[in-house]
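Protein chains in written order, with my numbering: chain A, 76 to 367; chain B, 111 to 221. A virtual CB, placed ideally from N, CA and C, is assigned to each residue, including glycine. Take a look at the structure set out below.
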């Protein structure tokens, strides 16, 4: 089938026509079909859960949400009733992460597309537009065991909505992380808190004002697309709604490969709160595609 | 399609003393739930009960009526079965002075 015929077929299917996938669709997650393999990111440990770093210990289970509001009822998802919801605890700096764990079969271009929105818990009758610190996404990737390189590569991107009450509204990335910390005494398990508040850098030209709406309960869905090449470990395109951002200054975190993560292809979404109020990120419709 | 089922860990290794509650969890898609509690550590003495709570919005909570004992040692698992709970679930408890637990709370949900 030539590319034009494939595109025509995909445009005929409403589930696909809202995406621009590469030839092979790896996952197409619609949360009216359940959790689709998305689960909470649990921190590493050995012998005791007390070994888990505090940043990970705070994570809790993602939910299937109807995005219901106290004063007008259920908002529903982008399509159908349910979306995937991540919620922080009500503590400034609190964070939560949902993850999907795959492996890849070819080191080539992949494309992540998703629809997302975010709001703080509507516990006050005020807008709260600067109460969510950030929402974002990341990949956690590693070379194949027979590859010439042996690298763990972690592209991160977040929309820094607010920091210490300042309404920042800009995209940021990370190329550095803390040193690996060994856990337990068996020499098999390590941890590093790559979502710490440190080391975020502004994406050049990355300011963007998103549709937040006018009261704390109304949500609008945003489209995001992130292209990454597993062969060169380089990001090649980032788009949110109508804006395409220059990635010439973007770099992922790169650290040495680890003993048991070969061909890893993990995707994650995360949310952070900037106040002592729960922050919510909703995701509905995730399409991961590849050129193979 | 097979009916949906899901295990949600809503508190993991969380220290509990005094008045406590799990974080709000959305369950509108499910018809039935079992809420399990394990104590990963116990210090002090005393017995405590958990109360199942429901909510119209995830912010305002009412006792659903079901109560069950919290585990008194690390080998015990306690639980409550709940049906007809709306869109939100959590458990709350008031631990007596001197009793502290580290809890693992999971909700087994089925559509």
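- Residue environment for residue 172 of chain B: exposed (fewer than 16 other C-beta atoms within 10 angstroms of its C-beta).
- DSSP places residue 214 of chain A in the strand class (E or B) of the three-state scheme.
- DSSP, reduced to helix, strand and coil, places residue 247 of chain A within a strand of the structure shown.
- Looking from the CA of residue 359 of chain A, the closest CA among A:101, A:105 and A:276 belongs to A:105.
- Under the DSSP assignment, residue 131 of chain A falls in the alpha helix (DSSP H) whose first and last residues are 129-132.
- In the three-state reduction of the DSSP assignment, residue 257 of chain A falls in the strand class.
- Close to chain B, meaning a Cβ-Cβ distance shorter than 9 Å, is no residue of the stretch 254-282 of chain A at all.
- The Cβ-Cβ distance between residue 201 of chain B and residue 215 of chain B falls below 9 Å.
- Within 10 angstroms of the beta-carbon of residue 236 of chain A lie 16 or more other beta-carbons, which makes it buried.
- Only 132, 135, 136, 138, 139, 140, 141, 143 and 145 from the stretch 130-146 of chain A bring a Cβ to less than 7 Å from some Cβ of chain B.
- In the assembly as shown, residue 284 of chain A is an exposed residue. Its beta-carbon has fewer than 16 other beta-carbons within 10 Å.
- For residue 123 of chain B, the neighbours in chain A by C-beta distance under 8 Å run, in chain order, 124, 125, 127 and 132.
- According to DSSP, residue 293 of chain A shares a beta bridge with no other residue.
- The residues 216, 308, 327 and 329, in chain order, have a CB closer than 6 Å to that of residue 228 of chain A in the same chain once the five nearest residues on each side in sequence are set aside.
- Nearest in C-alpha terms to residue 123 of chain A, of all of A:261, A:160 and A:317, is A:261.
- In this structure the stretch 297-307 of chain A does not lie against the stretch 240-248 of chain A, because fewer than three pairs of beta carbons, one per stretch, are closer than 8 Å.
- In terms of Cβ geometry, residue 175 of chain A and residue 246 of chain A do not form a close pair [threshold 9 Å].
- In the same chain as residue 131 of chain B, and ignoring 5 residues on each side of it, the C-beta atoms closer than 6 Å to its own belong to 200 and 202, in chain order.
- Distances from the alpha-carbon of residue 213 of chain A to those of A:181, A:275 and A:196 put A:275 closest.
- The beta-carbon distance between residue 157 of chain B and residue 184 of chain B, rounded to whole angstroms, is 15 Å. This is too long to meet the 8 Å contact definition.
- Contact check for residue 348 of chain A against residue 119 of chain A fails: the beta carbons are separated by 9 Å or more.
- Relative to the Cα of residue 125 of chain A, the nearest Cα in the group B:160, B:190, B:136 and B:124 belongs to B:124.
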